[in-house]
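*Asks:* Quick note, our numbering runs 161 ahead of the 1-based positions in the sequence shown.
Ideal placement from N, C-alpha and C gives every residue a C-beta, glycine not left out.
All figures in this text were calculated on a predicted structure; none of them were measured in a lab.
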Amino acid sequence: MHPSSLAKYRPFPPVALPDRTWPDQTLTRAPEWCSVDLRDGNQALPQPMSVEEKLEFFDLLVRVGFKQIEVGFPSAAETEFNFLRRLIDEKRIPEDVTVQVLVQTREHLIRRSFEAIAGAKRAIVHIYNSTSPLQRRVTFGNASREDIKRIAIEGAQLVKALVPSVPDTEVVLQYSPESFSDTELDFALECCNGVIDVWQPTPANKIIINLPDTVQWTTPNIHADMIEWMGRHLIRRDCVIVSLHTHNDRGTGVAATELGLMAGADRVEGTLFGNGERTGNLDIVTVALNLNSHGIPTGLDFSDLHSIRTVYERVTRLSVPERQPYAGELVFTAFSGSHQDAIKKGLDLRAAALKDGPVAWAVPYLTIDPQDIGRSYEAIIRINSQSGKGGVAYVLDREHGFELPKTMHPQVGKRIYSLADELGRELCADEIRDAFFREFVNLTSPLDVVDYELVHHTTERGRVLCKASILLRGERHNCEGFGNGPINAFVQALEAIGRKDFKVTDYRSHAVRGGSDASAAAYVQVQHDDGRLLWGAGVDPSIEMAGLKALVSAWNLLR
Ligand code: KIV
Ligand code: ZN
Numbered sequence: 162m163h164p165s166s167l168a169k170y171r172p173f174p175p176v177a178l179p180d181r182t183w184p185d186q187t188l189t190r191a192p193e194w195c196s197v198d199l200r201d202g203n204q205a206l207p208q209p210m211s212v213e214e215k216l217e218f219f220d221l222l223v224r225v226g227f228k229q230i231e232v233g234f235p236s237a238a239e240t241e242f243n244f245l246r247r248l249i250d251e252k253r254i255p256e257d258v259t260v261q262v263l264v265q266t267r268e269h270l271i272r273r274s275f276e277a278i279a280g281a282k283r284a285i286v287h288i289y290n291s292t293s294p295l296q297r298r299v300t301f302g303n304a305s306r307e308d309i310k311r312i313a314i315e316g317a318q319l320v321k322a323l324v325p326s327v328p329d330t331e332v333v334l335q336y337s338p339e340s341f342s343d344t345e346l347d348f349a350l351e352c353c354n355g356v357i358d359v360w361q362p363t364p365a366n367k368i369i370i371n372l373p374d375t376v377q378w379t380t381p382n383i384h385a386d387m388i389e390w391m392g393r394h395l396i397r398r399d400c401v402i403v404s405l406h407t408h409n410d411r412g413t414g415v416a417a418t419e420l421g422l423m424a425g426a427d428r429v430e431g432t433l434f435g436n437g438e439r440t441g442n443l444d445i446v447t448v449a450l451n452l453n454s455h456g457i458p459t460g461l462d463f464s465d466l467h468s469i470r471t472v473y474e475r476v477t478r479l480s481v482p483e484r485q486p487y488a489g490e491l492v493f494t495a496f497s498g499s500h501q502d503a504i505k506k507g508l509d510l511r512a513a514a515l516k517d518g519p520v521a522w523a524v525p526y527l528t529i530d531p532q533d534i535g536r537s538y539e540a541i542i543r544i545n546s547q548s549g550k551g552g553v554a555y556v557l558d559r560e561h562g563f564e565l566p567k568t569m570h571p572q573v574g575k576r577i578y579s580l581a582d583e584l585g586r587e588l589c590a591d592e593i594r595d596a597f598f599r600e601f602v603n604l605t606s607p608l609d610v611v612d613y614e615l616v617h618h619t620t621e622r623g624r625v626l627c628k629a630s631i632l633l634r635g636e637r638h639n640c641e642g643f644g645n646g647p648i649n650a651f652v653q654a655l656e657a658i659g660r661k662d663f664k665v666t667d668y669r670s671h672a673v674r675g676g677s678d679a680s681a682a683a684y685v686q687v688q689h690d691d692g693r694l695l696w697g698a699g700v701d702p703s704i705e706m707a708g709l710k711a712l713v714s715a716w717n718l719l720r
């Protein structure tokens, strides 16, 4: 820190709450959710959404499962007003969805907001005024606490008086002491209790007190202390829904929300992927999926997160960063070899265990099953020069149906990573298959089998005669050998022409899964007389020929 920093910046005073209880709480249920995408999110866009785009986003939020949606600031602009009117007049709001409108505590704006909600089945009227000493001094020219409290109370009185003006609409009242995050707690409480006193909520007719982390000035634990302190001191607490609205200035919007919930809040306002003023609001997707990952149902459906993200990116013209929790392109991708190995082992164990019934998710490095949010396992493992031996084998297996023997993994992995290293980039699954073929499969130089014939012994089972015509460095040779099976017979044929300087130490074969033409894959490991051990591979419609090709590949790799 620069030595003059303390002159410029000050520590944030902690809350005196020695008997705080939130650190020992465990979240066991989801809060009420309210999306503020169409208001806080939209107002923060370089190019705000058009009415058509807002309608599409509204439908998306409904599909995700939001039951409370702040649709805008209808008193602030005609387009916002018209948007809400279209929602109501065109009957686009499902029965179980409540729209919310934001309005400053100013008379003409409040009256206009009531005109905007008329006819909606249920609407939340959300009034706010700024309360912090900084705002009082700078924005309101040294307004006193009394002045600010009066604004809140008068606003509360007016909305209460206007409720009967919309007889067909069930109105829920909400108050935010804006800039709560740096308001003296006793003053925030005074404003909130003053409003509660005006509204006289009951347990059956609750109001919402929203405590915004308007600007995140401090750490999430202090935010949690503030929420717990307010919860203890609000009057008629059983008639009040305490709501959070955290921004993300310090990058801790999600953490502040989670701790705020532990501190007793009932409701969360936020946006998809964290859009919102400056660094944004908290990302509701992350908070909800974090709860899911602890087995807590949230009522929000992110099972097709990709298509949610696609709509979001199109209508907001923002992009979701690659490392964004859950939604980012790279978050279910392991590059490091040890991670890849561990994930593969975890997935294999899980697949085996599932045969006996449901089992708890336990895969190293993956907090949730990517399939829960519409991601696929195939996309998990990608190969670059940092990857390990298991990664290449995993991709060849999962994506292309080649089950390489375990002891072949290091040889193939090493070659393919050095290729990624040479190119200085990641290899996609098809490039990995192509490189595998180029380097290990059906190699024909310097030795190539141009023709061969197998004659099975009539009396001795398994004994075969191999007659082969080979090209060695361009020269043609005919040879033959007798052995136990085609590979052994071909080895004998090579011996007959003085070309056997190795022994076969392992052999595997299988049908290639998922190939368009039914092919067999074979892998032959040979040991050169000088001690080197190498694997070669062969792929051919005939399993015998695949084996011979694998042997020839291994022979060629020894050269
Ligand atoms: O961040 C904030 O304080 C707000 C209020 C209007 C709730 O958006
Ligand atoms: Zn906000």
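Identify every residue that forms a DSSP beta bridge with H617.
*Replies:* Working through the sequence shown from its first residue, we reach residue 617 at position 456. In DSSP, H617 forms a bridge with V625.
*Asks:* Is D502 near ligand 2, going by C-beta to nearest heavy atom under 7 Å?
*Replies:* Taking the sequence shown and counting its residues from 1, the one referred to as residue 502 is at position 341. False, no ligand heavy atom lies under 7 Å from that Cβ.
*Asks:* Starting from the C-beta of Q688, find all residues in its chain whose C-beta is less than 7 Å away, skip the five residues before and the five after it, and write them out in chain order.
*Replies:* In the sequence shown, the residue the question calls residue 688 occupies position 527. Cβ within range, chain order: F663, K664, T666 and L694.
*Asks:* Applying the 10 Å Cβ sphere with the 16-neighbour rule, what's the burial state of A322?
*Replies:* To locate residue 322, count along the sequence shown from 1; it is residue 161. With fewer than 16 other Cβ atoms from the protein chains shown falling within 10 Å of its own Cβ, A322 counts as exposed.
*Asks:* Measuring CA to CA, which of L372, I357 and L216 is closest to N366?
*Replies:* The residue labelled residue 366 in the question sits at position 205 within the sequence shown. Among L372, I357 and L216, the Cα nearest to that of N366 belongs to I357.
*Asks:* So for T379, helix, strand or coil by DSSP?
*Replies:* Stepping through the sequence shown from its first residue, residue 379 is reached at position 218. DSSP places T379 in coil when its eight states are reduced to three.
*Asks:* Measuring straight from C-alpha to C-alpha, what distance separates E560 and H467?
*Replies:* For the purposes of this step, residue 560 is taken as the residue at position 399 of the sequence shown. For the purposes of this step, residue 467 is taken as the residue at position 306 of the sequence shown. Distance between the alpha carbons of E560 and H467 is about 21 Å.
*Asks:* Between S305, I704, R273 and K310, which lies nearest to Y289 when the distance is taken from Cα to Cα?
*Replies:* Taking the sequence shown and counting its residues from 1, the one referred to as residue 289 is at position 128. The shortest Cα separation from Y289 among S305, I704, R273 and K310 belongs to K310.
*Asks:* Using a Cβ-Cβ cutoff of less than 7 Å, which residues in the same chain neighbour L222 once the five nearest sequence positions on both sides are dropped?
*Replies:* Translated into the one-based positions of the sequence shown, residue 222 becomes position 61. Result list for L222: S196, D198 and I230, in chain order.
*Asks:* Going by CA-CA distance only, name the one from S497, L420 and Y668 that's closest to Q686.
*Replies:* In the sequence shown, the residue the question calls residue 686 occupies position 525. Cα-wise, what sits closest to Q686 is Y668.
*Asks:* Is P373 closer than 8 Å to A416 when the C-beta atoms are compared?
*Replies:* As a first step, residue 416 must be located in the sequence shown, where it is residue number 255. As a first step, residue 373 must be located in the sequence shown, where it is residue number 212. No, these two residues do not count as a Cβ contact at 8 Å.
*Asks:* Let me make sure I understand the geometry here. Which of T477, G675, R181 and C640 has the alpha-carbon closest to that of V212?
*Replies:* As a first step, residue 212 is located in the sequence shown; it is residue number 51 there, counting from the start. With distances taken between Cα atoms, V212 lies closest to T477.
*Asks:* Compare the beta carbon distance of Q653 and G635 with 8 Å and say whether it is the shorter of the two.
*Replies:* For this step, residue 653 is matched to residue 492 along the sequence shown. For this step, residue 635 is matched to residue 474 along the sequence shown. Against a cut-off of 8 Å, the Cβ pair of G635 and Q653 comes out as no contact.
*Asks:* Quick test of the definition: if touching needs 3 or more C-beta pairs under 8 Å, does the stretch 178-194 touch the stretch 418-435?
*Replies:* The stretch 178-194 is in contact with the stretch 418-435.
*Asks:* Please classify A514: does DSSP put it in a helix, a strand, or coil?
*Replies:* Against the sequence shown, residue 514 aligns to sequence position 353. Here A514 sits in helix by DSSP.
*Asks:* Is it the case that the Cβ atoms of L452 and W194 are separated by a distance below 8 Å?
*Replies:* Here residue 452 refers to the residue found at position 291 when the sequence shown is read from its first residue. Here residue 194 refers to the residue found at position 33 when the sequence shown is read from its first residue. No; because the gap between Cβ atoms is not below 8 Å, this pair is not in contact.
*Asks:* CB of G437 to nearest heavy atom of ligand 2: below 7 Å?
*Replies:* By 1-based counting over the sequence shown, the position of residue 437 is 276. G437 Cβ: within cutoff of ligand 2.
*Asks:* Quick check on L565: buried or exposed, where buried means 16 or more other Cβ atoms within 10 Å of its Cβ?
*Replies:* Here residue 565 refers to the residue found at position 404 when the sequence shown is read from its first residue. When all chains shown are included, L565 counts as buried.
*Asks:* How about A629 and F598: are their beta carbons less than 8 Å apart?
*Replies:* The count along the sequence shown starts at 1 and reaches residue 629 at position 468. The count along the sequence shown starts at 1 and reaches residue 598 at position 437. No, the Cβ-Cβ distance between A629 and F598 is not below 8 Å.
*Asks:* Can you list, in chain order, the residues of its chain whose CB lies under 8 Å from that of S714, leaving out five sequence neighbours each side?
*Replies:* For the purposes of this step, residue 714 is identified with residue 553 of the sequence shown, where counting begins at 1. F601, V602, N603, L604, V685, G697, A698 and G699, listed in sequence order.
*Asks:* CA-CA distance, L167 and G412?
*Replies:* Locating residue 167 in the sequence shown gives position 6, counting from the first residue. Locating residue 412 in the sequence shown gives position 251, counting from the first residue. Their backbone Cα atoms lie some 22 Å apart in a straight line.
*Asks:* Considering only C-alpha positions, which residue in the set G437, I704 and T379 is nearest to P172?
*Replies:* As a working note, residue 172 is residue 11 in the sequence shown. The option with the nearest alpha carbon to P172 is T379.
*Asks:* Measure from the alpha carbon of K690 to the alpha carbon of each residue in K661, F496, T620 and A205, then state which is nearest.
*Replies:* What you label residue 690 is simply residue 529 of the sequence shown in a count that begins at 1. Contrary to the premise, residue 690 reads as Asp rather than Lys in this sequence. Shortest Cα-Cα distance from D690 to any of K661, F496, T620 and A205 involves K661.
*Asks:* In terms of DSSP beta bridges, what is R669 paired with?
*Replies:* The count along the sequence shown starts at 1 and reaches residue 669 at position 508. Looking at the DSSP assignment, R669 forms a beta bridge with Y684.
*Asks:* Take every Cβ of the stretch 511-518, pair it with every Cβ of the stretch 442-449, and state whether three or more of those distances are shorter than 8 Å.
*Replies:* Taking 8 Å as the limit for Cβ pairs, the verdict is that the stretch 442-449 does not touch the stretch 511-518.
*Asks:* Does G644 come out as helix, strand or coil in the three-state DSSP assignment?
*Replies:* Translated into the one-based positions of the sequence shown, residue 644 becomes position 483. Reduced to three states, the DSSP call for G644 is strand.
*Asks:* Considering only C-alpha positions, which residue in the set V359, C353, D180 and L443 is nearest to V403?
*Replies:* Here residue 403 refers to the residue found at position 242 when the sequence shown is read from its first residue. For V403, the nearest C-alpha among the options comes from C353.
*Asks:* From which residue to which residue does the beta strand (DSSP E) around Y336 run?
*Replies:* Reading the sequence shown from its first residue, position 175 is the one you call residue 336. Per DSSP, the continuous beta strand (DSSP E) segment holding Y336 begins and ends at E331 to E339.
*Asks:* Check this for me: beta carbons of I534 and S464, under 8 Å apart or not?
*Replies:* Along the sequence shown, read from residue 1 onward, the residue named residue 534 stands at position 373. Along the sequence shown, read from residue 1 onward, the residue named residue 464 stands at position 303. Contact: yes.
*Asks:* Answer yes or no: the CB of P566 versus the heavy atoms of ligand 2, is any distance below 7 Å?
*Replies:* Looking up residue 566 in the sequence shown gives position 405. Checking the Cβ of P566 against ligand 2 gives no.
*Asks:* Taking only heavy atoms of ligand 2 into account, decide whether any of them is closer than 7 Å to the Cβ of H740.
*Replies:* It is not possible to answer for residue 740, since the shown part of the chain is limited to 162 through 720.
*Asks:* Can you give me the Cβ contacts of M210 inside the same chain, cut-off strictly under 8 Å, excluding the 5 residues immediately before and after it?
*Replies:* By 1-based counting over the sequence shown, the position of residue 210 is 49. Counting only Cβ-Cβ distances below 8 Å, and skipping sequence neighbours, we find L199, N203, F218, V476 and T477.
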